[in-house]
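Here the structure is laid out as structure tokens; the discussion comes afterwards.
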Amino acid sequence: MTKHIAVIGAGVVGVTSAYELAAAGHTVSVFERGGTIGGAASFAPAGMDGPGWALGWSALSTCGGRLPRVSLGAHPQNWVWGARWLHAHRRSALPLLQQRVRRLAVYSLERTQELTRSLKLEFEHSTGVLVLSRSAAETKRMNAALAAFEQLGVPHRRVAVDECLVVEPGLHVESPPDAAAYLPQEGTANCREFTHLMRQHADRLGVRFVFHTQVAAISAGERPVLTLRSTAPSATGGPAHDLAATVERATFDAIVVCGALGSLPLLAACGLRLPMAALQGHSVTLPLRLDDVTAQSVGPRSAVIDAGERISITRSGSRVRVAAVSRLGRQPVADERAASQRLYRALDHWFPGCARVSQSQHWAGSCPALPDGLPLIGASGIPGVWLNLGHGDTGWAMACGSARVLADAITQRTPDIDVDGLGVERLRG
Ligand SMILES: Cc1cc2nc3c(=O)[nH]c(=O)nc-3n(C[C@H](O)[C@H](O)[C@H](O)COP(=O)(O)OP(=O)(O)OC[C@H]3O[C@@H](n4cnc5c(N)ncnc54)[C@H](O)[C@@H]3O)c2cc1C
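Right, here's the structure in full:
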């Protein structure tokens, strides 16, 4: 039966969900408090995708059982989240958790490829990722992750140091890695560009995008109601001041919450408190230099992951992007500076001088994550309210698969994959 569905949030998850719901025959309206598509966490992430990226954290946890390279900050709630992370990644739980992550990531990659083919999408992307370690200690951890990949059937091969230069000729010969591995199935893409293309296709299917509109409240029920508040700038450029005049209510058959961090207060007001923490990260994007002799740009051809730092260095058209998620919760300004310096140092280590630092663009983003690292997809338990959120630093890698799983659930179609463990019920266990 065709439903009138509201989607909250126009990031990559909201836009792909809107597309899949419209493709399944529903009438869809997307409400976005900002003025554009992909303006929040989907703006400038590294854009890594594939099962190896999605499994990264849990695979690294097999070695040493600790949260890799993420600072918990001072807030006690973050430490509770960290303890839950360790519990979710305990040895006995890991095989099932990793199977679930892998299943959704592989499906998502297939869905992205299928959409790219069938809709003839053209966006910046490349395939193949080189993982590099700098020291024996890092190599030990990388080997543990590769052993997990082996068991889970994630394609990979070890690469001799010489061969690294064949894969990525721009690598700095003076700082060879201690060890390296190549993941042929993994890739990197411009998440924001993809999101804009999917918006165009959603438009063609009749999806209505409503910008500058904050969902202020959800009234649950068989026909749930949204309270909408305009966030459009006033004539003077500031926020709209006559709030009473800009509030309206709209009724739907179903509401899908894809508002990432902005979803949490809305759901909490409906009685659903999610144990999510904000993963905070940064990226810097810089124009690549051209080699004086060959006039070719130097820098990465595709993507490199600095295994010890979990920093990714990716090619995005004629630019290079360096990114990492580094802590939970809000970052003090001094730490932000240190986080960006870490990114420049990694670029300088692996590809010195490849880009114009004076023209770099800095971006900070945050995305909610559950301790087990999987998103929440499906019915929320609140009448009329559905969820697709909490993707942590795998939101691009998981978006297309999550969107299809969600649309199948709402449409009561049999999903293509086993969706056990993706829903809200797992939080009650
Ligand atoms: C530094 C960094 C690097 C990353 N690298 C990768 C990577 O390599 N690979 C990968 O897969 N992922 C990566 N990620 C994660 C990825 O960027 C996110 O998981 C993904 O963009 C989340 O998409 P989303 O649509 O859920 O959220 P968002 O893009 O944040 O969209 C949510 C939207 O909802 C809107 N909204 C919220 N509340 C409301 C409301 N009440 N009313 C109306 N609108 C609302 C917001 O304005 C926003 O536009 C990275 C993240 C960071 C920070």
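Residue numbers for the sequence shown follow numbering that gives the first Met the number 0, beginning at 0 and rising by one. Glycine residues also receive a C-beta, built at the ideal position from the N, C-alpha and C atoms. If you're wondering where the values come from, they're calculated on a predicted model, not measured in any experiment.
Every beta strand (DSSP E) of 3 residues or more that sits fully in the stretch 128 to 194 is shown, in chain order, as 156 to 158 and 178 to 188. Given a length threshold of 3 residues, the stretch 319 to 359 has no whole run of the beta strand (DSSP E) inside it. Scanning the stretch 248 to 310 for uninterrupted alpha helix (DSSP H) segments of 4 residues or longer gives 262 to 268, listed from N- to C-terminal end. For Ser218, the enclosing beta strand (DSSP E) has its first and last residue at Thr212 to Ser218. Between ligand 1 and the CB of Trp395, the shortest heavy atom gap is smaller than 6 Å. Note that the C-beta distance between Val404 and Ala354 is not below 7 Å. In the structure shown, Val224 adopts extended strand secondary structure according to DSSP, grouped into three states. In the three-state reduction of the DSSP assignment, Arg314 falls in the strand class. Look at Ser401 here: in three-state DSSP terms it is helix.
At a cut-off of 6 Å, the beta-carbon of His195 does not count as near ligand 1: no heavy atom of the ligand is closer than that. Going by beta carbons, Leu278 and Val324 fall inside the 7 Å limit. Note on the stretch 0 to 32: whole alpha helix (DSSP H) runs with a minimum of 4 residues are 11 to 22, in chain order. When beta bridges are read from the DSSP output, Trp385 appears opposite Val255 and Ala378. For Thr126, the three-state secondary structure derived from DSSP is strand. In this structure, Glu221 is the residue among Gln112, Ile36 and Glu221 with its C-alpha nearest to the C-alpha of Ile381. Between Gly364 and Asn77 the beta-carbon gap is near 18 Å, outside 8 Å, which marks them as no contact. Distances from the alpha-carbon of Lys119 to those of Met197, Gln98, Arg90 and Pro374 put Met197 closest.
Judged by DSSP in its simplified three-state form, Arg412 adopts coil rather than helix or strand.
Per the Cβ contact rule, the stretch 204 to 218 is in contact with the stretch 13 to 21 (3 or more Cβ pairs under 8 Å). Counting along the chain, the unbroken beta strand (DSSP E) around Arg207 starts and ends at Arg207 to Val209.
Residue pairing for Gly364: DSSP places it in a beta bridge opposite Gly280.
Per DSSP, reduced to three states, the secondary structure at Val105 is helical.
If you look at Ala82, you'll find it in the alpha helix (DSSP H) that goes Pro75 to Ala87.
If you check the CB distance, Leu131 and Pro183 do not come in under 7 Å. Under the 8 Å Cβ criterion, the stretch 395 to 415 counts as touching the stretch 104 to 112, having at least three qualifying pairs.
For Ala268, the closest C-alpha among the options Ile217, Glu308 and Pro286 is that of Ile217.
In the structure shown, Val418 falls within a coil segment according to DSSP collapsed to helix, strand and coil. Set against 6 Å, the gap from the CB of Val11 to the closest heavy atom of ligand 1 is smaller. CA-CA distance, Leu260 to Pro274, rounds to 12 Å.
Using a Cβ-Cβ distance cut-off of 8 Å, the stretch 27 to 36 and the stretch 153 to 167 are not in contact, since fewer than three pairs of beta carbons, one from each stretch, lie closer than that value.
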